[in-house]
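Participant: Just so you know, the sequences run in chain order A and B.
Following the working numbering, the numbering of the first sequence begins with 66 at its first residue and continues without gaps.
Following the working numbering, the numbering of the second sequence begins with 66 at its first residue and continues without gaps.
For glycine and all other residues, C-beta sits at the position ideal for the given N, C-alpha and C.
For clarity, every value in this text was computed on a predicted model and none was experimentally measured.
2 protein chains.
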Amino acid sequence: MKTCDIAVYGLGVMGSSLAKNIMSHGFAVAAYSKSPEERARFQRDTGADTVCTTVDEMLEGLQSPRCIFLMITAGRPVDMVLEELCPRLRPGDVILDGGNSFYRDTGRRYEECRKQGICYVGIGVSGGEKGALYGPSMMAGGSLEGWKQTRHILQTISAHADGKPCCDYIAAGGGGHYVKMVHNGIEYAILQLIAEIWYFMSSTLEMSGEEILSCFQSWKKGGLDSYLMEISIQVLQKKDKDGSLLVDKILDVAEQKGTGKWTMQDSLERGVYIPTIYEALSARNFSGKKRLRMQGSEQLQATVQKVFVENPEETLGNALLLGMILSYSQGFELIAKASAEENWAIDFGRLIDVWSNGCIIRSRLLAKIRQTGILISADEPLLLEQGFSWLKELEPALRETVGKSVLSGTPLPALAGALGYYDYYRMKQMPVNFIQALRDCFGAHTYQRTDREGHFHTNWEE
Amino acid sequence: MKTCDIAVYGLGVMGSSLAKNIMSHGFAVAAYSKSPEERARFQRDTGADTVCTTVDEMLEGLQSPRCIFLMITAGRPVDMVLEELCPRLRPGDVILDGGNSFYRDTGRRYEECRKQGICYVGIGVSGGEKGALYGPSMMAGGSLEGWKQTRHILQTISAHADGKPCCDYIAAGGGGHYVKMVHNGIEYAILQLIAEIWYFMSSTLEMSGEEILSCFQSWKKGGLDSYLMEISIQVLQKKDKDGSLLVDKILDVAEQKGTGKWTMQDSLERGVYIPTIYEALSARNFSGKKRLRMQGSEQLQATVQKVFVENPEETLGNALLLGMILSYSQGFELIAKASAEENWAIDFGRLIDVWSNGCIIRSRLLAKIRQTGILISADEPLLLEQGFSWLKELEPALRETVGKSVLSGTPLPALAGALGYYDYYRMKQMPVNFIQALRDCFGAHTYQRTDREGHFHTNWEE
Chain A
66 MKTCDIAVYG
76 LGVMGSSLAK
86 NIMSHGFAVA
96 AYSKSPEERA
106 RFQRDTGADT
116 VCTTVDEMLE
126 GLQSPRCIFL
136 MITAGRPVDM
146 VLEELCPRLR
156 PGDVILDGGN
166 SFYRDTGRRY
176 EECRKQGICY
186 VGIGVSGGEK
196 GALYGPSMMA
206 GGSLEGWKQT
216 RHILQTISAH
226 ADGKPCCDYI
236 AAGGGGHYVK
246 MVHNGIEYAI
256 LQLIAEIWYF
266 MSSTLEMSGE
276 EILSCFQSWK
286 KGGLDSYLME
296 ISIQVLQKKD
306 KDGSLLVDKI
316 LDVAEQKGTG
326 KWTMQDSLER
336 GVYIPTIYEA
346 LSARNFSGKK
356 RLRMQGSEQL
366 QATVQKVFVE
376 NPEETLGNAL
386 LLGMILSYSQ
396 GFELIAKASA
406 EENWAIDFGR
416 LIDVWSNGCI
426 IRSRLLAKIR
436 QTGILISADE
446 PLLLEQGFSW
456 LKELEPALRE
466 TVGKSVLSGT
476 PLPALAGALG
486 YYDYYRMKQM
496 PVNFIQALRD
506 CFGAHTYQRT
516 DREGHFHTNW
526 EE
Chain B
66 MKTCDIAVYG
76 LGVMGSSLAK
86 NIMSHGFAVA
96 AYSKSPEERA
106 RFQRDTGADT
116 VCTTVDEMLE
126 GLQSPRCIFL
136 MITAGRPVDM
146 VLEELCPRLR
156 PGDVILDGGN
166 SFYRDTGRRY
176 EECRKQGICY
186 VGIGVSGGEK
196 GALYGPSMMA
206 GGSLEGWKQT
216 RHILQTISAH
226 ADGKPCCDYI
236 AAGGGGHYVK
246 MVHNGIEYAI
256 LQLIAEIWYF
266 MSSTLEMSGE
276 EILSCFQSWK
286 KGGLDSYLME
296 ISIQVLQKKD
306 KDGSLLVDKI
316 LDVAEQKGTG
326 KWTMQDSLER
336 GVYIPTIYEA
346 LSARNFSGKK
356 RLRMQGSEQL
366 QATVQKVFVE
376 NPEETLGNAL
386 LLGMILSYSQ
396 GFELIAKASA
406 EENWAIDFGR
416 LIDVWSNGCI
426 IRSRLLAKIR
436 QTGILISADE
446 PLLLEQGFSW
456 LKELEPALRE
466 TVGKSVLSGT
476 PLPALAGALG
486 YYDYYRMKQM
496 PVNFIQALRD
506 CFGAHTYQRT
516 DREGHFHTNW
526 EE
C-alpha cells in the first residue's frame, strides 16, 4: 500500500463522501470502517486500493505525523474510538472529529489528548452529503498545531467563495463544534420560517401551487437568494407519481437531532434570547402530537377571520427576509456571548467567510453582512448595527404578516418570535418593574429604583 | 435542654420562619445555624432555649429517630452539610431538604442516604416568608419512611384548604422538588402574564391608575381570584413618598433564580412545549439589556397603530384568565411527561390539593380544575379535557388582545405564546411536511408519507 496523506475513519454517507472528495483532489486516503459492508461498498464505488480492514493497517499506511479524520456518530462512539486509537498514536499525531459532537465533549477530548501530545481538532462539517462530496463548509477548533498540519488538505477540499476557502480555524477547545451547533440552530430557524410562509400562502391565503412557486422564484432572484430557497423551489416543483405535489403527501411529523436542542439549552445557560430557534425546535417536537392535534382541531373552536394580503409576493418576501436577518442576529448574539464567556475571541468576519459557501445556511444575506464590514460583538446585536438600518424597511411587512396570522388563527410562531425579538429591542421600558414589585411583595426579593442606587424592600400591605 | 421533636438547620429568612411556625404548634425545635448572627437573632426573636451552637448539640437534643429539616441554600452547601451530618446519623434518622434543590441532585442524595439507611426527603416549600411562618404549601418526595416519620409535624404546620393539609407525599426520588420546580415555572408565567396585561393597559391603552386598579379589583371577585391578583392590587395601590405610584419608580430589570431556567431545560430534554414559561424566563433575561433597549428604541422604527379595546375589563380579564389556564396546562403537561418517564405515578388530584393554599400560584382556578375531577395524564393536556371546554369562550378575548398588541408594537410574548400553544392544538396539519421535504433534499434524512407506511427518500433535483 502506498503511503497515505490522511485516514478517514468511518465510511457512512458523510464519511465515504468526504473520503471521495479528498481522493478527487489527489490525496491518498487510508479508508477504514468497522463495518465490512461499508468497506466493501466504498471499495466498489471507488476502486481504491487503500481500504483498510484493521485500525493498525490504517495507521501503518499513514505518513508521519499521522492524521485521522473521524466521520462517526457523535457521542459515546467517539470516546470508544479514542480509547482504541490513542494508545496507538504518537505525540504530534492528529485526530479530526468531523461529527456533530457536543462542544463540551470536544473540549474535554481536546484536553485529554493534549496530555498525550496528540493534536485533537473538533471540526464542524456542514453541507450534507453533497457538501461532503463536492466541498463542505468546515469550522475547525481545538489544537492549532493539528489545524496547521491538516489545513492544506482541508482548505483544498472545502467549498470556496470568491477564491477563499470556506474552512478555517475558529476557536480553541470545542469552539469549532460550538459554531457548527449554532449554525444548525440558525438552520432550524430558517427552515421553519420558510415552512411557515409557505403554509400561510397555501392554507391561509389559499394561493395555488403555481402562484407560490412564482413568488419563491422571484424571491430567489432578490435578497432571499440562498441555498435553502433554491431547494425550496425544487420541493415546490417535485411531483408525486399521480401528478400532485409530493410535499402534500409527506406526513407533518418531524424528527430533531441533538444540535437544535443543544443550541437552546446553551442559550438558556447563557441567558440569550433566541425565540425563533426555540419555536423552530418546538415545532418539530410538537408535530409528534398528531393524534392530539386531530382531537384539538375538533374540540377547540376559534373566532378567526378570513384574511387578505394585497401584494403577497412583496409582503411575505419582506417578512421572510426580515425573519432570516433576525435569525442570524439571534445566532450571532449567542456566539458572541459564548465567545466572550469562553475566551474564544471569535472573528466574525472569518466565520462568515466559512459560511459563505458549502453550508446549508449560505445566502446572499451573509455576503451582505460580510460586506457591511460588521464587527459583531457581545455588546451590539446585528439588528442594531448601523449598516443594517435598512431592515426597518422590512418591518411593516413582518408586522402585517404576524398580525394577520393571529386573526386568521394560523400560528406562525417562529415569525412571531422574530417580530417579538425586534420589538423587545424597541422597549425602553419593559413591564418587569411590575414583576419586581410582586416578587418583593411575596418573597422580599428587593428591587432597584430608577431614581437612586441600591436595593430596596417595601412592606406592600401597609 | 428538653428533648426536641425536630431540628431546623439554617436560620435565614425561610428557616427561621419555618422554625417559628413549628414551635407555634407546640413542637420543640432544636434550632441551629452556622451563623452566630442568625442564631442570636433567632434566640432574641423567640426566646427559645433550644438554639444550638454545634451540630452535635443539635443532634443530642433530638428524640429518636432524629429528624433534621435543612433550610439552607440549594446546591453545593447541601452536599457539604450532608458530609457533616451523615457520619453522625443512624439508620432510620430523617433528613428533610426544604430548599429549592435541583431534583436530580435530590434523587442522587436520596440514593446515597438510602445506602446508609438514612431517610432522605426532598421537600418543595412554597409561600415565601409568610407562607413559611403561617403555613406553607409543601411537596414531599423521596423516602416514604422519612415522610411517615415527619408527616404529623409537616401536615400540622402547613397551610390547609377545606380542612385538608396542603402538604403531601408526591413521588419517589426527586419528585417533590420536581413539582416545586414546575410550580415556580408556572409562577414565572403567571407573573409575566399579569405584568403584560398591566403594561398593555397603562402604556398602550393609556388607562389611568384608577381605571386599572378598578379592573383588577373586579377581576379578583371573579374567575381570576388568586393570591397573585391579591398582591397585584396591593402593588397598584402602593404610593411612593411623593404620592405617585411606587411601581413606576421601580427599575425594569429583573433577576431570575435557578428554578425557571431548570424548568425550561427540563422541558427541552423531555420535548414538552411550554412557550409561556419560556417567554416569562426570557423577559427577565432580556430586561438586563437596558442600555441596548434604550439604543434600540431610538434606532428601530416601527409602523404601529393606536389601538382601542371596547371593553377592557371584560376582554383583558378573559385574555388573562385563558393565559393563566394555558400556563397551568403547560406546567401539568410537563409534570405528566416527567411522571411517566420517571415512573413517579403522580396523583394530580393530590398535587392540586397541595397547591390549593399556602403557595404562590394558589387560585380559584386550581379549585375549579380540582372540582372538575380532571384526570390529567401524559396523553391528554388540560386544555383538551372535556371539563374545560368552557375555555373556548375566552379565546376571542385572547386573540383580540394579542392581535392588537402586534398592531400597536407592544410585545406581549407570554400572552402570544399562550395563544400559540392553543392554536397549535388546533392544527390538524402543521407545515412540518415542508421541513421534512427540505431535510430529505439536503441531508437525505428521509420522510414518512400520509398514504403508506415506511421511510422514503427522493432525488428532488430530477
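1) Tell me which residues share the same chain as A481/B and place their Cβ nearer than 6 angstroms to its Cβ, disregarding the 5 neighbours each side in the sequence.
2) Among the residues of its own chain, which have a CB less than 6 angstroms from the CB of A348/B, if the five just before and after it don't count?
3) Pick out the complete beta strand (DSSP E) segments inside the stretch 116-186 of chain A, 3 residues or longer, and give them in chain order.
4) How many Å lie between H225/A and H510/A at the Cα?
5) Threshold first: 3 residues or longer. Then list the beta strand (DSSP E) segments lying entirely within the stretch 189-274 of chain B, N to C.
6) Closest Cβ-Cβ distance between S362/A and chain B: below 8 angstroms?
7) In this structure, how does DSSP classify Y490/A when only helix, strand and coil are distinguished?
8) Over the uninterrupted beta strand (DSSP E) stretch that includes I71/A, give me the two end residues.
9) Count the C-beta pairs between the stretch 326-339 of chain A and the stretch 236-251 of chain A that are closer than 8 angstroms, then say yes if the count reaches three, no if not.
10) K304/A bridges to which residues according to DSSP?
11) Measuring alpha carbon to alpha carbon, tell me which residue in D307/B, S273/B, K195/B and S352/B is nearest M492/A.
12) Contact between the stretch 280-300 of chain A and the stretch 196-215 of chain A: three or more CB pairs below 8 angstroms?
13) State yes or no: is the beta carbon of P377/B nearer than 8 angstroms to at least one beta carbon in chain D?
14) According to DSSP, simplified to helix, strand and coil, what is E407/A?
15) Could you tell me the alpha carbon to alpha carbon distance between P446/B and E398/B, rounded to whole angstroms?
16) Going by C-alpha distance, which of A367/A, F413/A and L150/A is nearest L484/B?
17) I'd like the list of long-range same chain contacts for I315/B, defined as Cβ closer than 6 angstroms, with 5 residues on each side in sequence excluded.
18) Within 8 angstroms of any Cβ in chain A, is that where the Cβ of Q351/B sits?
19) Just checking my contact of G164/A with Y175/A at CB under 8 angstroms: how many whole Å lie between their CB atoms?
20) Would you kindly check if the distance between the Cβ of V159/B and the Cβ of P201/B is under 8 angstroms?
21) Which residues of the stretch 487-509 of chain B have a Cβ closer than 7 angstroms to any Cβ of chain A? Give them in chain order.
22) Please state if the CB of I71/A and the CB of C132/A are separated by a distance shorter than 8 angstroms.
23) Since A502/B is in the alpha helix (DSSP H), which residue starts that stretch and which ends it?
24) Going by the DSSP bridge assignment, what does F521/B pair with across the sheet?
25) What does a CB cutoff of less than 6 angstroms around G382/B pick up in its chain, not counting 5 residues either side in sequence?
26) Mapping DSSP to helix, strand and coil, what is I400/B?
27) In terms of residues, what are the limits of the beta strand (DSSP E) holding A95/A?
28) Spell out a yes or no on whether the stretch 352-364 of chain B and the stretch 361-379 of chain A are touching, meaning 3 or more CB-CB pairs, one atom from each, closer than 8 angstroms.
29) Is the distance from the Cβ of V374/A to the Cβ of T380/A below 8 angstroms?
30) Alpha carbon to alpha carbon, how far is E320/B from R155/A?
31) If you follow the alpha helix (DSSP H) that L350/A is in, where does it begin and where does it stop?
32) Does the beta-carbon of R356/A have 16 or more other beta-carbons within 10 angstroms, so that it is buried, or is it exposed?
33) Take Y234/B as the anchor and find which of E261/B, I222/B, S208/B and Y253/B has the nearest alpha-carbon.
34) In this structure, does DSSP put S332/B in helix, strand or coil?
35) Buried or exposed: where does P478/B fall if 16 or more other Cβ atoms within 10 Å of its Cβ makes it buried?
36) Looking only at its own chain, which residues have a Cβ that is under 7 angstroms from the Cβ of Q554/A, when we skip the five neighbours before and after it?
Facilitator: Based on what the coordinates show:
1) V467
2) Q257
3) 132-135 and 159-162
4) 55 angstroms
5) 202-207 and 232-236
6) yes
7) coil
8) I71 to Y74
9) yes
10) L310/A
11) S352/B
12) no
13) No chain D is part of this structure, whose protein chains are labelled A and B.
14) coil
15) 6 angstroms
16) A367/A
17) none
18) Looking at the sequence itself, residue 351/B is Phe, so the reference to Gln does not match. F351/B counts as touching chain A.
19) Not quite, the Cβ-Cβ distance comes to about 14 angstroms (not below 8 angstroms), so this is no contact.
20) no
21) Y487, D488, Y489, Y490, R491, M492, K493, Q494, M495, P496, V497, N498, F499, I500, Q501, A502, L503, C506, F507, G508 and A509
22) yes
23) V497 to G508
24) Y512/B
25) W284
26) helix
27) V94 to Y97
28) no
29) yes
30) 50 angstroms
31) The amino acid occupying residue 350/A in the given sequence is Asn; Leu does not appear at that position. Counting along the chain, the alpha helix (DSSP H) containing N350/A begins and ends at P340 to S352.
32) exposed
33) S208/B
34) helix
35) buried
36) The question about residue 554/A has no answer, for chain A in this structure spans 66 to 527.
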